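Down below is the structure, laid out as structure tokens.
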Amino acid sequence: MKNRIIILCTVYLLMFTAYSFSQEYRNSGFSKPMNLAFNLAGSFGEPRPDHFHSGIDIKTNGVEGEPVFAVYDGYISRIRVSPYGYGRAIYITHPNGFTTVYGHLSTFYGAIEKYIDAQHYALKKSELDLTLNANVFPLKQNDTIAFSGNTGGSDAPHLHFEVRNTKTEHALNPLDFYPKNFYIDTIPPRINKVKFYQFSKDYFYSSFIKPYYNLSAKESWSFEHIDINDYYAFSLEGYDKQDSSENKNGIKKIEVYQNKNLVFKYDLTEIDFDKTRMCNAFVDYDEMINDNGYFYNCYQLKNNSLAIYQPGSNGFFSNKETDSINVYDIYCYDYNDNKTKITLEIPKGTSIVDWEIRNQKKILFLLTKDSKQINPIVFLYQDLKLYFLKIHFMMMFI
Ligand SMILES: [Zn+2]
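Numbering (this note's numbering), first residue to last: 55 to 452.
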């Protein structure tokens, strides 16, 4: 009984913490950065090669020149001008503990544009990254700061809008700062494919020649008798769309239940820029760099330390430990909690039936005599078996 009370108290405490957390954001008093609806060309946390998208991309109806406003009192703390990344961008530090970022701007407003012009001449530089103190451009909420554009790494006119915790510098979901009804999305995420991975107990790099199951457009699927051996994991390829736009955005949250018990979960609510590169382990890296779409890994590799995962459940399964069928219920959520459910049924396997293991991937590392580092420099998300070969001399023919 005592244990039960402790568990209940913990659950209530967790619920209260999560609730008060998001309420705190919504009460922060931010107004909108443009007089436009939140129709997104890119969502918070969606995967990109080498990083997570750290803000929202608000569409500007295909045109530039929409006025952009300070969402709260504060001051301009940084201005960047670059042909890459956020292009022309403004950072505003607010007294309530948050910093907002406005990217891909066309021109800055009034005195700000004149100031930047003068800096170009004074510093004789086309690229600028200026840190400003609070006296240079103090702002009131809704002051115009710039006009939207398409500068830097942008394919179409939009505003990249970002909210950061000023102290931790972690990126937060800007939608968490606005009333729920500001973001219209009633369509659940679309899942196209399930991909399976099979591996031995201590070695992951292998997969099947026929690893995919293609899914038709509906909200629930049931797979029966997928023959699988040893240890396995899976990923899902899909996206989320809003009612009002064709853009394929990211999937915010995935939960996997094995025989009704939660065994894997991620929820993208906050991004630590120091770990954003781990996005390469969040999705199937090979599929991403080959432009095959984003396969959301329903497993967490050992050295992937992103704080988005449910602790203690890594999404690796063994059908050696069961006598019958494992039923997996997988729920994929968008920001508005619309969900898609997939059910997989995997029986205990005794042999690999019509699936074969691909050739295992081999990577050559070079370690020179006086060098302390291995080339190429890589992030290792799991243990790797290394075989050492001594090379006495090497000749290169070009
Ligand atoms: Zn963006």
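A virtual CB, placed ideally from N, CA and C, is assigned to each residue, including glycine.
For clarity, every value in this text was computed on a predicted model and none was experimentally measured.
Residue pairing for Thr153: DSSP places it in a beta bridge opposite Thr147 and Arg218. Note that the C-beta distance between Thr153 and Asp230 is not below 9 angstroms. Distance from the CA atom of Val217 to the CA atom of Ile379, rounded to whole angstroms, is 45 angstroms. Look at Tyr175 here: in three-state DSSP terms it is helix. Exclusion of the five residues before and after Gly206 leaves Ser136, Pro137, Tyr138, Gly139, Tyr140, Gly141, Arg142, Ala143, Gly157 and His158 as the residues of its chain whose Cβ lies within less than 8 angstroms of its Cβ. When rounded, the separation of the alpha-carbon atoms in Pro149 and Leu186 is 15 angstroms. Ile133 places its beta carbon less than 9 angstroms from that of Leu182.
Put simply, the backbone Cα of Tyr385 is about 5 angstroms away from that of Glu309.
Restricting attention to Arg80, Ala361 and Leu398, the CA atom closest to the CA of Asn313 is found in Leu398. In the pairwise beta carbon analysis, the stretch 93 to 110 is classified as touching the stretch 209 to 229: at least three pairs are separated by under 8 angstroms. If you draw a straight line from the Cα of Pro103 to the Cα of Ile245, it comes to about 20 angstroms. By a beta-carbon distance limit of 8 angstroms, Val248 contacts Ile396. Their separation comes to about 7 angstroms. Under the three-state reduction of DSSP, Gly109 is assigned to coil, being neither helix nor strand. A contact between stretches requires three or more CB pairs, one per stretch, nearer than 8 angstroms, and the stretch 118 to 129 meets this requirement with the stretch 82 to 93. The beta-carbon separation of Asp321 and Asp239, rounded to 17 angstroms, does not stay under the 8 angstroms limit for a contact. Your pair Phe349 and Glu291 checks out as a contact, with CB atoms roughly 5 angstroms apart and the cut at 8 angstroms. Taking a C-beta distance under 9 angstroms as the contact criterion, His212 and Thr114 qualify as a contact pair. Take Leu193, set aside five residues on each side of it, and the residues of its chain with a beta-carbon closer than 8 angstroms to its own are Ala124, Asp127, Gly128, Tyr129, Ile130, Ile146 and Ile199, in chain order.
Around the beta carbon of His107, 16 or more other beta carbons sit within 10 angstroms, so the residue counts as buried. Less than 9 angstroms separates the beta-carbon of Phe92 from that of Tyr237.
With contacts defined as CB atoms closer than 9 angstroms, Gly119 and Ala210 fail to qualify as a contacting pair. In this structure, the alpha-carbon of Tyr353 lies about 26 angstroms from that of Asn301. When Ile112, Asp328 and Glu167 are compared, the shortest CA-CA separation from Glu223 is found for Asp328. The residue among Asn219, Ile166 and Lys179 with its C-alpha nearest the C-alpha of Val155 is Asn219. Bounds of the beta strand (DSSP E) holding Ile384 are Ile379 to Tyr387.
Our two residues, Lys306 and Asp388, have alpha carbons roughly 5 angstroms apart in a direct line. For Gly203, the number of other beta carbons within 10 angstroms of its own is at least 16, and it is reported as buried. For ligand 1, no non-hydrogen atom lies closer than 8 angstroms to the CB of His105. For Phe349, the enclosing beta strand (DSSP E) stretches over residues Phe349 to Asn351. Phe162 and Ala335 have their C-alpha atoms spaced approximately 38 angstroms apart.
Looking only at Tyr311, Ser359, Met342 and Gly369, the smallest Cα-Cα distance to Ala287 is reached by Gly369.
Just so you know, the alpha carbons of Ile400 and Tyr382 end up roughly 8 angstroms apart. Within 8 angstroms of the C-beta of Gly109 there is at least one heavy atom belonging to ligand 1.
Checking the 8 angstroms criterion, the Cβ of Gly96 is within range of a heavy atom belonging to ligand 1. Taking 8 angstroms as the cut-off, one finds at least one heavy atom of ligand 1 near enough to the beta carbon of Gly157. Sequence-distant Cβ neighbours of Ala165 in its own chain, meaning closer than 8 angstroms and more than five residues away, are Phe191.
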